């Protein structure tokens with residue numbers, strides 16, 4: 001393990017590509033995020049903070065400190081920002097519904113903020129902020145809404161987590177790095 005003087009000894013970040021599951025091992029033999037990290041991350045007990053599903057990509061933090069993990073995953077403690085492409089026309093009414101919340105078998109699903117940042121044919125690019133993360137939260141939230149033109153469910157085609165708290169993703173897909181001590185302090189300051 002090569003730790004620089006200004007590296008956090010408590011947090012590291014990975015830019016998870018699609019096609020990797022967030023688990024220590026998989027009975028089905030699928031690739032896990034640990035395949036992207038040095039062996040010592042697994043053997044020294046570093047654990048992912050939160051999850052990203054197989055098809056999702058982006059920022060994933062790891063720690064060996066259970067208290068940090070709990071603080072960063074506790075609902076309402078930490079804002080996570082995602083950029084997503086949705087198949088369908090996302091309207092202002094859709095955005096209002098996602099902020100108000102949609103009842104689902106998994107409880108109330110909602111976003112803190114949704115911003116339309118792009119369009120391409122029948123697809124909409126959005127920036128979504130949430131402060132909790134139920135299983136497949138964003139995919140289920142948008143999947144519960146209907147395209148006004150085609151009357152089909154909206155579908156999240158791609159999902160990438162771009163920040164957790166004040167820490168923004170700044171590494172290439174499949175790469176990792178330690179947070180700096182300063183980045184750790186900024187991330188943890190309000191928790």
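Numbering (UniProt numbering), first residue to last: 1 to 191.
Backbone N, C-alpha and C fix where the C-beta goes; we use that ideal spot for every residue, glycine too.
Predicted model only: the values in this text are computed from it and were never measured.
Counting along the chain, the unbroken alpha helix (DSSP H) around residue 43 starts and ends at 39 to 43. Counting along the chain, the unbroken alpha helix (DSSP H) around residue 141 starts and ends at 137 to 143. By the criterion of at least three beta-carbon pairs nearer than 8 Å, the segment 180 to 189 is not in contact with the segment 121 to 131.
Residue 103 and residue 146 have their C-alpha atoms some 15 Å from each other. Distances from the CA of residue 105 to each of 119, 123, 15, 134 were compared; the closest alpha carbon is that of 134. For residue 11, the closest C-alpha among the options 71, 21, 86 is that of 71.
The beta carbon of residue 63 sits closer than 7 Å to the beta carbons of 10, 11, 46, 47, 49, 69 from its chain, once the five residues preceding and following it are set aside; these are given in chain order.
Under DSSP, residue 106 shares a beta bridge with no residue. Boundaries of the alpha helix (DSSP H) harbouring residue 187: 181 to 188, taken from the DSSP string.
Annotated as distal: residue 156 and residue 95, with beta-carbon spacing of 7 Å or more. Residue 51 and residue 89 have their C-alpha atoms spaced approximately 28 Å apart. Residue range 66 to 73 is occupied by the alpha helix (DSSP H) that includes residue 70. Put simply, of 111, 53, 35 the residue whose alpha carbon is nearest the alpha carbon of residue 142 is 111. Annotation for residue 99: the continuous alpha helix (DSSP H) segment containing it runs 92 to 100. Counting C-beta atoms within 10 angstroms of its own C-beta, residue 178 has 16 or more neighbours from the protein chains shown and is therefore classed as buried. Shortest Cα-Cα distance from residue 16 to any of 33, 23, 29 involves 33.
Within the same chain, 180, 181, 182 come within 8 Å of residue 6 by CB-CB distance, once the 5 residues on both sides are set aside. In this structure, DSSP gives residue 128 an extended state, which the three-state scheme calls strand.
Residues 32 of the same chain have their beta carbon placed closer than 7 Å to that of residue 25, with the five preceding and five following residues left out of the count.
Under the three-state reduction of DSSP output, residue 113 falls in the strand class.
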